[in-house]
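Okay, structure first, notes after.
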Amino acid sequence: MNGQTVSQWTGRERANLPNPSMWVRPELNPRTATSTSNPLLAMPLAALMAAVPLQDIGYDVQQARIVEARPISSGASAQLVSPRMQWVQVHTNDVVDENVTPTLIDQFRKKFGLSDNSLGEIFGVSRQTIYNWRTKKTVADNPDRVRALAESLGEISSRDISYIQRALFYPTADGRLIQDVLSDEGWVAGGEKAVRELILELAGKAQQLRERDEKTIARLEKTNSQDAGSNA
2 MNGQTVSQWT
12 GRERANLPNP
22 SMWVRPELNP
32 RTATSTSNPL
42 LAMPLAALMA
52 AVPLQDIGYD
62 VQQARIVEAR
72 PISSGASAQL
82 VSPRMQWVQV
92 HTNDVVDENV
102 TPTLIDQFRK
112 KFGLSDNSLG
122 EIFGVSRQTI
132 YNWRTKKTVA
142 DNPDRVRALA
152 ESLGEISSRD
162 ISYIQRALFY
172 PTADGRLIQD
182 VLSDEGWVAG
192 GEKAVRELIL
202 ELAGKAQQLR
212 ERDEKTIARL
222 EKTNSQDAGS
232 NA
């Protein structure tokens with residue numbers, strides 16, 4: 002056998018038939034069409050089409066559409082139309098995770114020695130909330146403030162980092178605290194600029210703490226050296 006099948010289709014103009022869209026027997030249908038398609042070739046053809054992406058042959062999977070599809074035996078073929086389109090190349094490395102709060106929280110803890118309790122006091126939330134931000138259980142509702150604090154602390158000299166943990170809770174000359182500029186009202190009033198200005202002032206206090214300790218250590222070393230010389 003050559004696999005040819007004889008099939009018939011009743012057109013819509015045959016209104017005298019009970020259901021013109023149904024297949025009927027050949028003797029009742031004056032229009033007969035002979036299909037030369039081999040059913041055994043359907044599965045290899047489908048596998049070949051699945052193996053070759055439509056993008057490789059110039060079609061957009063989302064935009065390609067079949068305008069008119071008729072049965073093969075009706076003598077009319079399907080028409081595939083692909084509208085003209087412009088491709089935009091997207092690099093995967095350009096996709097950035099916006100939830101950087103966990104990383105910044107870890108930075109506060111490891112680099113500046115701030116605990117979850119201290120960070121909760123700074124941002125006006127509970128210790129559990131800081132823990133949830135850090136472990137990605139919840140997303141911070143004010144990530145811009147966390148980022149502003151991290152950027153401002155990044156400008157502090159490495160020599161003063163060990164002192165900023167204390168200085169962060171000192172008041173400024175006008176009596177403000179870090180909690181004030183990071184609160185809802187303070188953020189609306191000053192934003193990132195207010196946070197940076199306050200951190201720079203507190204960084205000056207951290208520098209004073211370091212210089213005081215350095216003077217104390219130098220005085221003690223001088224006293225010890227003098228005592229060692231007198232004992233010799």
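Quick note: the sequence shown, position 203, residue 204 per our numbering, numbers continuous. Idealized CB from N, CA, C, for every residue including glycine. None of these values were measured; they are calculated from a predicted model.
- DSSP state of S163 mapped onto helix, strand, coil: helix
- Query: Between D181 and F124, what straight-line distance do the alpha-carbon atoms span, to the nearest angstrom?
  - Reply: 9 angstroms
- Using the Cα positions of I162 and L154, report the straight-line distance between them to the nearest angstrom. 9 angstroms
- Which of helix, strand or coil does DSSP assign to I131? helix
- Contact between the stretch 218-227 and the stretch 185-197 (3+ Cβ pairs under 8 angstroms): no
- Query: Can you tell me whether DSSP reads P103 as helix, strand or coil?
  - Reply: helix
- Beta-carbon contacts of T139 that lie in its chain and below 6 angstroms, excluding the five residues immediately before and after: N133
- Message: Quick test of your reading: I131 and D117, contact by CB under 8 angstroms. State the CB separation rounded to the nearest angstrom.
- Response: 4 angstroms
- Message: By the three-class DSSP mapping on this structure, what secondary structure does V147 have?
- Response: Three-state DSSP puts V147 in a helix.
- Message: How far does the alpha helix (DSSP H) with G121 in it extend, from its first residue to its last?
- Response: Start and end: D117 to F124.
- Message: Between A151, E222 and K137, which has its C-alpha nearest K112's C-alpha?
- Response: A151
- Item | G121 versus R128 - alpha carbon distance | 5 angstroms
- Message: On the DSSP letters alone, give me the boundaries of the alpha helix (DSSP H) that D175 sits inside.
- Response: D175 -> no alpha helix (DSSP H), and no H or E assigned at all.
- Item | Cα-Cα separation between A219 and E198, rounded to whole angstroms | 32 angstroms
- Under a three-way DSSP split, which group does S158 fall into? coil
- V140 by DSSP, collapsed to three states: which one? Reduced to three states, the DSSP call for V140 is coil.
- Item | Close-in-space but distant-in-sequence residues of the same chain around F146 (CB under 8 angstroms, 5 per side omitted) | The question names Phe, but residue 146 is Arg in the sequence shown. Here the set comprises F124, L183, W188 and V196.
- What number of angstroms, rounded off, separates the C-alpha of K137 from the C-alpha of P103? 7 angstroms
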